[in-house]
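From first to last, the protein sequence lines are chains A and B. In terms of our numbering, the first sequence is residues 1 to 357. In terms of our numbering, the second sequence is residues 1001 to 1357. Worksheet for the structure shown next.
Number of protein chains: 2
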Amino acid sequence: MEYRKIKDDDDEDAHDVASDLESLKGKSHTVASSNIALATLGGGGGSTERTNWKRKGVVTCALTILTSSQAILIVWSKRAGKYEYSVTTANFLVETLKCALSLLALTRIWKNEGVTDDNRLSTTYDEVKVFPIPAALYLFKNLLQYYIFAYVDAPGYQILKNLNIISTGVLYRIILKKKLSEIQWAGFILLCCGCTTAQLNSNSDRVLQTSLPGWIMAIVMALLSGFAGVYTEAIIKKRPSRNINVQNFWLYVFGMAFNAVAIVIQDFDAVANKGFFHGYSFITVLMILNHALSGIAVSMVMKYADNIVKVYSTSVAMLLTAVVSVFLFNFHLSLAFFLGSTVVSVSVYLHSAGKLR
Amino acid sequence: MEYRKIKDDDDEDAHDVASDLESLKGKSHTVASSNIALATLGGGGGSTERTNWKRKGVVTCALTILTSSQAILIVWSKRAGKYEYSVTTANFLVETLKCALSLLALTRIWKNEGVTDDNRLSTTYDEVKVFPIPAALYLFKNLLQYYIFAYVDAPGYQILKNLNIISTGVLYRIILKKKLSEIQWAGFILLCCGCTTAQLNSNSDRVLQTSLPGWIMAIVMALLSGFAGVYTEAIIKKRPSRNINVQNFWLYVFGMAFNAVAIVIQDFDAVANKGFFHGYSFITVLMILNHALSGIAVSMVMKYADNIVKVYSTSVAMLLTAVVSVFLFNFHLSLAFFLGSTVVSVSVYLHSAGKLR
């Protein structure tokens, strides 16, 4: 219920963001022209607002459901045994699949609407030069992840990952220059506290003993992840009329390239000796499929909503996962989970109620 | 900082509450006349607002500090060994001491200002008939407390006691008819979640296994405690110009009477065989002194602020206690404590920011 309200409110901002971004990048588009662009994107007519609202709702729900099922697949695969495949090859396949799906969507669009300036695949150096940056940031973050485990254990890392919420909020404010009200900031701090509380268990206090290098790495990783997210939003929203599938195609092409580098750096021996697909199972294939679809949903949320909606969506997904796990895996929900979920729910309400007028 | 802001905002309501209460009780006082009454109370002149604000600040800080030191004395006394004295005799002495202190304050006031209608001790049946009710409610709650331990252990009871926060808010709304904004309600739910989170430990999940009778008793106790608090506020604010020390005197006289009954019911044998003061130590005396002063501070907060300020004050006191205990008793603060404290801080901010305009 409350979640729906957020999306509702956020919609009113779509135009402002677009115009903010235009002015940020020093383009000459006026608010009126970006409104026209959005109207075109929405299929034209007076129902732009409603079309935007619907699209935002659909992509946000899709992201929430895909993220929940992702976590459930991970639990399932852990129950089935240890990962036997190379994670880097799986990541490469995820990028490849996303690329293929974007091309598939584009061929359908070309057939129906013909090739236009906004949906043609060819690009300029000026447009494409920023697309490798998010992929490079994620690669760097993933490499750091191997080193942080020298300082923090895996459950501790799960807790520190909640710093992403704060870093996304701060970078969203600084880079996209979009304002959150004080009440929304309060909600954002609560989202971070609530998610962490929901994950508390008897070993969580160990994370407080993290050494200084561990904290620094955790903060750097949170900043890298937040920056990659916010930068992706900036790239995708820079030209609102550009077809999202073209933008995705170029993002994922660079994702494939950087993940190919990761295979060489991290798993060259394993792949050379045991083959590219060693250790793949049915569940691995499901996980790759899920990751690809979630990745596309994230891009869509960036295009039609924003990073804040993305963070709320994935946080709510985390709670949904736990509830579904009660039925699937006989999980027991802790008191901390109930408290954390309540705090997250209040946070969602505050994000909506605290909307700047 | 943020806490100061709340008190600031709440002050604007003092007049409304008084007039609400008058209309609630069917009195013919107008808003103007209760304003005059408050001005008289504040020493007259144009600085009523500021005087009220100062007094509210002082009593709230006093309550916070006294409540923190109360909890510290309890920890100290537990370290020193088990309670050896009869709790009912100590409660009786607390009421007697409060009575004596109220009389002492009154004799000074009579000397300085002379005896007036508002500060005379003599009362009417109509005024005094409601004063036994809070004492009776507390007595009933304290008796129930002995039975709830059949269903819940002591740490579980500490967690369930946070239901008081919600019950106070709900009864405050229903009985005093004073409105909280939606943001303030969100803050109140967060206060309850934050306090509970701060108290989480590895055994907290046991509270989820509480049986239905245990839950019912916990909820009844929360309602009794909330009702006693809200009813006390209603009594004290019913006649704003009445001297608080006279009101306290009558409250505490009935407190003494009901606690005398409790001694007979619960500790008659122990007192008859071992004497009234058996097992008293220096720390017992300190605890009695502290309870008496905290009790008076609670009355003052009811008079010059309200139950909501009281709940926030005692919740912040709980967090202060934990921080002070780090230095005094080498306590370790848990991650849950940090998360809970952050949620409580945000809640205090929301109570202030969500002020109805």
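Every residue, glycine too, gets a C-beta built ideally from N, C-alpha and C.
1) In angstroms with no decimal places, state the Cα-to-Cα distance between A:A90 and B:V1344.
2) Residues of chain B with a CB under 7 Å from the CB of A:Y151: which are they?
3) In or out: B:G1229 buried (at least 16 other Cβ within 10 Å) or exposed?
4) Which bits of chain B does A:S202 rub up against, with CB to CB less than 8 Å?
5) Would you kindly work out how many angstroms separate the C-alpha atoms of B:L1294 and A:F329, rounded to a whole number?
6) Would you list, in chain order, the members of the segment 178 to 203 of chain A that have their beta-carbon closer than 7 Å to a beta-carbon of chain B?
7) From the DSSP output, in three-state form, read off A:R206 for me.
8) When the Cβ atoms of the segment 52 to 72 of chain A are set against those of the segment 310 to 326 of chain A, are three or more pairs found closer than 8 Å?
9) Can you tell me the Cα-Cα spacing of B:V1253 and B:A1234, whole angstroms?
10) Which of the three DSSP states, helix, strand or coil, is assigned to B:S1086?
11) Return the CA-CA distance between B:V1346 and B:S1352, expressed in angstroms with no decimal places.
12) For B:T1124, decide whether its Cβ has a neighbour in chain A, counting only Cβ atoms nearer than 7 Å.
13) Show which residues of chain B have a CB atom less than 7 Å away from the CB atom of A:S334.
14) Between A:T210 and chain B, is any beta-carbon pair separated by less than 7 Å?
15) Identify, in the order they occur along the chain, each residue of the same chain with its Cβ nearer than 7 Å to the Cβ of A:F337, setting aside the five sequence neighbours on each side.
16) Return the Cβ separation of A:F258 and A:L139 in integer angstroms, given the expectation that the two are a contact with Cβ distance under 8 Å.
17) Tell me, to the nearest whole angstrom, how far the beta carbon of B:Q1247 is from that of B:T1088; I am working on the premise that it is less than 8 Å.
18) Leaving out five residues on either side along the sequence, give the residues of the same chain with a beta carbon under 6 Å from the beta carbon of B:K1161.
19) Against B:L1365, what residues of chain A qualify as contacts under a CB-to-CB distance less than 8 Å, listed in chain order?
20) When we look at the beta-carbon of B:Y1147 and count the other beta-carbons within 10 Å, is it buried (16 or more) or exposed?
21) Give me the Cβ distance between A:S77 and B:L1335, rounded to the nearest whole Å; I'm assuming they're in contact under 8 Å.
22) Could you check whether the Cβ of B:T1342 sits closer than 7 Å to any Cβ belonging to chain A?
23) Is A:C193 near B:T1342, with beta carbons less than 7 Å apart?
24) How many whole angstroms separate the CB atoms of B:G1279 and B:Y1085, which I take to be in contact at a CB cut-off of 8 Å?
25) For the segment 287 to 309 of chain A, list every residue whose C-beta sits within 7 Å of some C-beta in chain B, in sequence order.
26) Find out if the Cβ-Cβ distance for the pair A:Q70, A:N290 is shorter than 7 Å.
27) Taking the CB atoms as reference points, tell me whether A:K98 and A:I296 lie closer together than 7 Å.
28) DSSP three-state call for B:H1291: helix, strand or coil?
29) Answer yes or no: does any C-beta atom of chain A fall closer than 7 Å to that of B:V1323?
30) In whole angstroms, give me the CA-to-CA distance for A:V94 and A:K56.
31) Using a Cβ-Cβ distance cut-off of 7 Å, determine whether B:V1316 contacts chain A.
32) Looking at the C-beta of A:V346, does it have a partner C-beta in chain B at a distance below 7 Å?
33) How would you write the range of the alpha helix (DSSP H) that B:G1334 sits in, first residue to last?
34) What in chain B is Cβ-close to A:Y280, meaning under 8 Å?
35) On a CA-only basis, which of B:G1169, B:E1127, B:F1268 is nearest B:G1187? Give me that one, please.
36) What whole-angstrom Cβ distance do B:N1243 and B:D1118 have, given they're in contact under 8 Å?
This is what the structure gives:
1) 43 Å
2) Here the premise fails: no neighbours, minimum Cβ distance about 17 Å.
3) buried
4) S1202
5) First, the amino acid is wrong: residue 1294 of chain B is Ser here, not Leu. One C-alpha to the other measures close to 50 Å.
6) E182, I183, A186, I189, L190, C193, T196, T197, L200, S202
7) helix
8) yes
9) 18 Å
10) coil
11) 10 Å
12) no
13) D1205
14) no
15) A198, A322
16) 4 Å
17) Wrong, their Cβ atoms sit about 25 Å apart, outside the cutoff.
18) none
19) No information on residue 1365 of chain B is available, as it lies outside the stretch 1001 to 1357 that chain B covers here.
20) exposed
21) At roughly 28 Å, the Cβ-Cβ gap does not stay under 8 Å, so A:S77 and B:L1335 are not in contact.
22) yes
23) yes
24) 4 Å
25) none
26) yes
27) yes
28) helix
29) no
30) 24 Å
31) no
32) yes
33) It should be noted that the sequence gives Ser, not Gly, for residue 1334 of chain B. Careful: B:S1334 lies outside any alpha helix (DSSP H) and carries neither H nor E.
34) Simply none; closest approach about 38 Å.
35) B:G1169
36) 5 Å
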